[in-house]
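Working notes, structure below.
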Amino acid sequence: MKKLILLPLILLAGCTHSIHMVHSDGFDAGAHAIDNGHYVEAVATQDVVFFFAFDTDYVDEAKAKLEQQCPSRLSAVSTQFSTSHGFFHWTNKILMKGLCG
Amino acid sequence: MLRVLMISLILICSGCARLDHIQISDIDQSQGDLRPISVKLSDTGFNASEAVAITSELAQSESAKENLGDLAAILALINMGPSTGNPVYNDRYAENILLQLHQQCPTGKITALRNIREARSYGPVSGEIVRIDADCIL
Amino acid sequence: MKKLFVILSSLIAISVLSGCVSLNSVSLTQLPKERDHLVSATASDLVFLGFTTQNDFVDEAIESLKAQCRGGKLTGILTKHQTTAYVLVFKREVIASGYCNIAEA
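Those sequence lines, one after another, are chains R, P and V. Remember, this note's numbering sits 6 above the position in the first sequence when you count from 1. For the second sequence, counting from 1, position 107 maps to 93 in this note's numbering; every step adds exactly one. Remember, this note's numbering sits 379 above the position in the third sequence when you count from 1.
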C-alpha cells in the first residue's frame, strides 16, 4: 500500500526543471515595431544521457529556427536556457523569442 | 526537540538572497528622459531530495532513517542534471517576459537592461526569480 | 561479462577522449534583415583542475570578430560560453557569430 502511494509521488517529483539564465536585448525598435510586428518563438533541445554530451549545436538550431520564421528584422530578442531533469538523463532547452517586423 | 529547533533556526537564518547570473546591456541616456521599469517572474523551487534527507536526519527510528535515506537517493537519481538553484516544476514561468516589458514601456524603446537570475532561498525551498530591470526611454 | 566490460570501457574512453560539453551561458542580440555575411570567431583556453588566474581568452573572440567586419556593423551576435571536460583538464570556449553589414558610402 505504501509503495502504491509513494510511487506516483516519486514519479511526480521527477518532473523538475531549472532555468539557468534569461537574456534579452535589442529594444531600440520603438512602438511601431510592437504595433506592426508579431512575436516569434523557437525551441531546440538536447537530450543528455548521464553526462554524454559532445556539442552545443542545439543553440545554433534554435537560432536557425528563429531566423526561418522571420525573414525581416528581429528585435527584442530573449534567450532562455533551461534544463529538464530526469532519471540518469536530462534535456537541455533553449527558448528564443523575438519581435519580428 | 532541540534538534528540530536548531535545524529550523538554521533554515530560517539561511533565508538568503542568491545571485546566479547578471548581464548589463547598453545604457543610452541621450534619447530623452528615462523611467525605470522592472519585470519579475518567479516560481517556487523545491529540492525534494534535500527535504527528504533533512527529514531522514530528524527521524527517530533507524528504519525510518534508512527508508527516508533511500527515498532521498531515489529522488536525487530521478532528478539528475545541471541545476541553478532549487528545481522548479514549471519551466515556462519566464516565457512572457518580452510581453511584460513591452506592456510597461509603450514606447518600445528600452535601454540599460539588467538581466538577473536570482533567488530567495530557505533551505530546500526557494523562490527562483528571473528579473529584468531596465529604463524606458520616454 | 568480459564483453560488457569491454563495451563499457570503450564508451568511457570515447567520452573521456572526446570530452563532455556543457553550456554555461548563451545570448542572442537582435537580428538584422540582411543576413548574407555571417562571421564567426572562437576563442578558448585550457584550465587544469579549474585553476586559472585570468579570462583574457574572451578578448580574443571579440578582436577576431571585429577583424572580420572592419568598417561594418555586427549584429545578430550569438554568443555561446561552453566548457568541455576532459580528465583533470577543462577547455573553456567562447564561440561568437554575427552578421556583418558594411554601410554603403
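We put the beta carbon where it would ideally sit given N, CA and C, even for glycine.
Cross-chain neighbours of residue i in chain R, by beta carbon under 8 Å
i	result
Ser404(V)	His26, Met27, His29, Phe87
Ile118(P)	Val28, Ser30
Val400(V)	Ala59, Phe60, Asp61, Thr62
Simplified DSSP assignment, three categories, for residue i
i	result
Glu439(V)	helix
Phe56(R)	coil
Lys71(R)	helix
Ile60(P)	helix
His95(R)	strand
Gln17(P)	coil
Leu5(P)	strand
Gly55(P)	helix
Ser388(V)	helix
Gln89(P)	helix
Cys399(V)	strand
Leu124(P)	coil
Val28(R)	strand
Ala35(R)	coil
Tyr478(V)	strand
Met380(V)	coil
Ala80(P)	coil
Tyr45(R)	strand
Leu116(R)	There is no way to answer for residue 116(R), as the model of chain R reaches only from 7 to 107.
Ser47(P)	coil
Val486(V)	Nothing can be reported for residue 486(V), as the shown portion of chain V is limited to 380 through 484.
Thr89(R)	strand
Ser69(P)	coil
Contact set between residue i and chain R, taken where Cβ atoms lie within less than 7 Å
i	result
Thr408(V)	Asp31, Gly32, Val83
Thr30(P)	Chain R residues near Thr30(P): none, gap ~11 Å exceeds 7 Å.
Gln461(V)	Thr62
Ile9(P)	As written in the sequence, residue 9(P) is Gln, which differs from the Ile given in the question. What Gln9(P) touches in chain R: His29.
Chain P residues whose Cβ lies nearer than 7 Å to that of residue i
i	result
Cys21(R)	Tyr75
Lys103(R)	Leu84
Cβ distance (whole Å) where residue i is taken to contact residue j below 8 Å
i	j	result
Asn101(P)	Ile118(P)	6 Å
Leu54(P)	Val(-10)(P)	Their Cβ separation, rounded to whole angstroms, is 15 Å, which puts Leu54(P) and Val(-10)(P) out of contact at 8 Å.
Arg78(P)	Asp6(P)	That belief does not hold up - the Cβ atoms of Arg78(P) and Asp6(P) are roughly 19 Å apart, past 8 Å.
Leu20(P)	Ile123(P)	6 Å
Ser35(P)	Ala62(P)	4 Å
Neighbouring residues, chain V, relative to residue i (Cβ below 9 Å)
i	result
Glu73(R)	Leu410, Arg414, Gly455
Lys69(R)	Leu407, Leu410, Gly455, Leu457, Ser476
Contacts that residue i makes with chain P (C-beta to C-beta distance below 8 Å)
i	result
Gly92(R)	Ile64, Asn65, Met66, Gly67
Beta-carbon neighbours of residue i, restricted to chain R and to distances below 9 Å
i	result
Gly21(P)	The amino acid at residue 21(P) is misidentified as Gly; the sequence shows Arg. Under the 9 Å cutoff, chain R gives no residues; its nearest Cβ is about 14 Å from Arg21(P).
Going along the chain, which residues of the segment 30 to 59 of chain R sit with their C-beta nearer than 7 Å to a C-beta in chain V? Asp31, Gly32, Phe57, Phe58, Ala59
Every unbroken alpha helix (DSSP H) inside the segment 403 to 459 of chain V [4 residues or more]: Listed in chain order, the complete alpha helix (DSSP H) runs (minimum 4 residues) inside the segment 403 to 459 of chain V are 436 to 446.
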